Amino acid sequence: MSDLLVQMEGIEKAFPGVHALSQCRFELRPGEIHALVGENGAGKSTLMKILAGVYARDAGRILYKGREVEIPNPRAAQTLGISMIHQELNLMPHLTVAQNIFIGREPRQRVSFMLDDNAINEQAQQVFAMMHLNLDPRTRVADLTVAKQQMVEIAKALSFNAEVLIMDEPTAALTDAEIDELFRIIRELRAKGVGVVHISHRLEELKQISDRVTVMRDGRYIDTVQTAEASIDRIISMMVGRTIYEAAPEVPEHPSEEVVLEVKHLNRGNVLKDISFQLKKGEILGFSGLVGAGRTEVARAIFGADPIDSGEIYVRGNKVHIGSPSDAVRHGIGYLSEDRKRYGLALGMDVEENIVLAAFKKFLGAAGLVNRSKTRATAEQYVKTLAIKTPSLQQKVRNLSGGNQQKVIIGKWLTADTQILIFDEPTRGIDVGAKSEIYHLLNNLAQQGKSIIMISSELPEILRMSHRIVVMCEGRITGELKIAEATQEKIMQYATQRGEALLAEQPAPTSTP
Amino acid sequence: MEANIAARRSIIRSGTLQRFLAFGGLIILLIVFGLASPFFLTGDNIGGILLAASVNGVLALGVTFVIINGGIDLSVGTVMTFSAVMTAQVMIVWQQPVLVGILAGLITGAICGAINGLMVTKMKVPPFVATLGMLYATKGLSLVVAQQKPIYFNDAPIFNQVAMSSVLGSIIPALDPIKNVVLVLFGAALIAAFILSKTVLGRYTFAMGSNVEATRLSGVNVDRWQTAVYMVCGLFAGLAGVVIGARLNSAQPALGAGYELDAIAAAVIGGTSLSGGEGSILGTIIGALFIATLANGLRILGVQQEWQIVVTGTVLVLAVFLDRFLKQRSR
């Protein structure tokens, strides 16, 4: 066992309200590229952050080169030789490349409070030479591409003589050429005996680069396999392997064929690429994909919250221009953000005020005064029909539960006569009981002829609620599934399909045009 | 060609553009006012502008550190006053030597700054609120210590004499309008520039302002260095207190509130970004000179003082707007 570089056993970690890791294990050999995969929220990043000293574990032990170690903070990890490159890069954009690499341990002049910038630049240059990387240490990090910034992070790790390098989704923002360059460097590190942990959603990529794959699911360790011996299908089935929701799908009756919303060739920078889809009357259209696939960005673009580069939006067959959220509201589109508290509600105001907020003009009397009896009647009506549990209309929204807050937002949009509702992770942070109420409500809305786009990262939720499912990966729509043909495996396959792979490799399972 | 573009972009990005704008603006002011009034470009008037910029300039040096670090210090004006009062208290009331009095002023400023830093780092009070509290506290303390009356330095005449005489003038008579307090400003600026660009403290000031979490994860003791940054700012406020005391030959306990805004304006006009990570001492000095020149020129042209303030505010916003506008276009 002494040939193991890292061995983690029985790791437990809980955050308030979430049991993030339970009885997790992981091992890493020197000179190995070890892929760590799992769905969103499976606990990959958490486990590695414990190894990198960002989080403290609640229980379990970590062996480093056969010796049990404590890793109280990132600096301790780095000193041991464990470096982690986080998903959100940890650089100081205003400083130069070299200044970033040596932050906190700058070479000093003879008087110790003075910096020796020549030495900094030279030492950084040496690290780059080792990586065969052509980069000027004096460049400001803000002036580099994301890929180059990542190289800077790797250089920083190497300057600590890292023997363990953890990379959390390093390729998420890179082009193919940049990924090749990254993989070249990773392979060189492997040849030098460095153990590399590669967290990624991209399964094709793991086949390319990794030696072994460990799969996690719901905060648990599932299995570790040799990459060469495992098919992508097998890995996917390990990733999603949990029993599907107990309740049967509650898909309401088939919607009509009337197209309410049509989006054509929507583009926005690198974030959205050629997005086209249709939404029908009374339909619930699920948007699935991994975190960062661009689902929320689609919603924000349609809602006018972000500017688009090109593309057309049709509402009930009419081409519309949506330059701002107020345009969207005028065309009957409502967006229910994932972050309810920040974007959806005026927390300090009461239920009644929140419900009438988006359609305030409706309630203004002759003198420009608010007609209280009208607002009260409307609010009362929605509290009743949506079954909002609140002691009174004057209750501050802050004091309601997550599920009831969500209902207040729904009430708000219904008051504004919204025909198209975009729900972004409608049940995030809502407990199980309230979830099924929200599901029920969505179904009712659809039956009443409202059209719904539901963005969700939970596959069971998507499968349970949607008539059709659109799957995205990296800003593209990679597949569209009718509910009858959709499975977790198929969704996962589309969700991990890079744009290029889509064109080059296997014909997509059963995509509808 | 490509290198050229990259160089241009980095000039534009790094706030150098704004510094250039401020400098260009300063030159334009000098030309316009110079043409408008024959008195404007005389040695005496230029000396007056420099003198007027000396107090605000020293304050702005400290504020520049805090703003680059991503914070704000609203207390520098009243900390300055409190330091002046403490200098007077030690020098006049307690009859200590002049140097001891000066030291007392500097230490007072540094202590106030350190308390600001501790409130921000240890008590997690937002900088705006912490330093606002310090503004009130020092405003009150100045009145308490001075018993609500100015304290005059008449018993230590050398204090004012040294400050308001001119070493340069004794060497080159033509430079006589440049008083010694102005040299204090430029000396302080050199020290500040040295700290900011050559020392560990300066590097961490930028690093924390750029991305404090990344700096923390890199193993830098962020709390300690942030406290140090506020302490440096307080130290410069203390120095400003000594300077203003010497200039006015008195410690005026009711003075001070409002100075912090001029100091922040000087830093911002000079290209220091309120979102942190960017800024320079040279820019701040140009900013301070710009504000002093504007006020002086408008006064010479006979613009009412009330309107001078309106113009200063307008120019401040225009400077930042122009900077953003040009940056956006260059992207």
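Top to bottom, those sequences are chains A and B. Per our numbering, the very first residue in the first sequence carries number 1380; after that it's consecutive. Per our numbering, the very first residue in the second sequence carries number 89; after that it's consecutive. We treat Cβ as the ideally placed atom computed from N, Cα and C, and that holds for glycine. Please read all numbers here as calculations on a predicted model, not as lab measurements.
Neighbour-count burial assignment, residue i, 16 or more Cβ in a 10 Å radius
i, result
"residue 1730(A)", "buried"
"residue 1556(A)", "exposed"
"residue 1438(A)", "exposed"
"residue 393(B)", "exposed"
"residue 185(B)", "exposed"
"residue 1851(A)", "buried"
"residue 402(B)", "exposed"
"residue 1702(A)", "exposed"
"residue 235(B)", "exposed"
"residue 1622(A)", "Low confidence applies to residue 1622(A): its pLDDT is 44, below 50, so where it sits in the model is not reliable, and the reading given next is rough at best. Classification of residue 1622(A): exposed, given that the 10 Å Cβ count is below 16."
"residue 1752(A)", "exposed"
"residue 1628(A)", "For residue 1628(A), the predicted structure reports a pLDDT of 49, less than 50, and the residue's modelled location is therefore unreliable. A value from the coordinates is still provided. Under this definition residue 1628(A) is an exposed residue."
"residue 1732(A)", "buried"
Run of the alpha helix (DSSP H) containing residue i, from where it starts to where it stops
i, result
"residue 1438(A)", "Where residue 1438(A) is concerned, there is no enclosing alpha helix (DSSP H), although the beta strand (DSSP E) it sits in stretches over 1438-1443."
"residue 1769(A)", "Note, residue 1769(A): premise wrong, no alpha helix (DSSP H); not H, not E."
"residue 318(B)", "310-336"
"residue 1560(A)", "1555-1570"
"residue 300(B)", "300-305"
Any chain A beta carbon closer than 8 Å to residue i
i, result
"residue 294(B)", "yes"
"residue 412(B)", "no"
"residue 372(B)", "no"
"residue 288(B)", "yes"
"residue 308(B)", "yes"
"residue 108(B)", "no"
"residue 359(B)", "no"
"residue 368(B)", "no"
"residue 399(B)", "no"
"residue 226(B)", "no"
"residue 302(B)", "yes"
"residue 257(B)", "no"
"residue 291(B)", "yes"
"residue 365(B)", "yes"
Cβ of residue i within 8 Å of any chain B Cβ
i, result
"residue 1454(A)", "yes"
"residue 1469(A)", "yes"
"residue 1539(A)", "no"
"residue 1459(A)", "no"
"residue 1770(A)", "no"
"residue 1429(A)", "no"
"residue 1482(A)", "yes"
"residue 1532(A)", "no"
"residue 1542(A)", "no"
"residue 1473(A)", "yes"
"residue 1478(A)", "yes"
"residue 1507(A)", "no"
"residue 1494(A)", "yes"
"residue 1548(A)", "no"
Run of the beta strand (DSSP E) containing residue i, from where it starts to where it stops
i, result
"residue 1655(A)", "1651-1659"
"residue 350(B)", "Residue 350(B) -> not in any beta strand (DSSP E); alpha helix (DSSP H) instead, spanning 347-357."
"residue 1870(A)", "Element bounds for residue 1870(A): not the beta strand (DSSP E) but the alpha helix (DSSP H), 1867-1874."
"residue 1470(A)", "Neither: residue 1470(A) is in no beta strand (DSSP E) and is coded neither H nor E."
"residue 1830(A)", "1830-1834"
"residue 1643(A)", "1638-1647"
"residue 1857(A)", "1855-1861"
"residue 1454(A)", "First-last for residue 1454(A): 1453-1459, but that is the alpha helix (DSSP H), not the beta strand (DSSP E)."
"residue 1411(A)", "That residue, residue 1411(A), is in no beta strand (DSSP E); it is neither H nor E in DSSP."
*Of all the alpha helix (DSSP H) runs that stay within the bounds of the segment 1682-1743 of chain A, which reach a length of 4 or more residues?*
1704-1709 and 1730-1735
*Are the segment 260-275 of chain B and the segment 129-146 of chain B touching, with three or more C-beta to C-beta distances below 8 Å?*
yes
*Touch check for the segment 1754-1766 of chain A and the segment 1697-1710 of chain A: three-plus C-beta pairs under 8 Å?*
no
*Which whole runs of the beta strand (DSSP E) in the segment 1771-1821 of chain A are 3 residues long or more, in chain order?*
1799-1803
_Secondary structure, alpha helix (DSSP H): runs of 4+ residues fully inside the segment 126-163 of chain B_ = 131-156
*asked:* Taking 8 Å as the cut-off, does the segment 1815-1830 of chain A touch the segment 1794-1807 of chain A (at least 3 CB pairs, one atom from each stretch)?
replied: Verdict: yes, contact present.
*Cβ contact check for the segment 1555-1569 of chain A and the segment 1388-1406 of chain A: 3 or more pairs under 8 Å*: no
*Starting from the N-terminal side, write out each stretch of the alpha helix (DSSP H) that is 4 residues or longer and does not extend beyond the segment 383-419 of chain B.*
List check, alpha helix (DSSP H) in window: 393-418.
*With contact counted as at least three CB pairs below 8 Å, one residue from each stretch, are the segment 1568-1585 of chain A and the segment 1484-1497 of chain A in contact?*
Counting Cβ pairs under 8 Å, fewer than three are found: no touch.
*Whole beta strand (DSSP E) runs in the segment 250-277 of chain B with 3 or more residues, listed along the chain?*
none
*Identify every run of the alpha helix (DSSP H) within the segment 1471-1543 of chain A, keeping only runs that are complete inside it and at least 4 residues long; order them along the chain.*
1476-1480, 1496-1510 and 1525-1538
*Within the chosen definition, does the segment 107-118 of chain B reach the segment 365-382 of chain B through at least 3 CB pairs nearer than 8 Å?*
yes
*Go through the segment 178-232 of chain B residue by residue and report every complete run of the alpha helix (DSSP H) that reaches 4 residues or more, in order.*
Runs found: 186-209.
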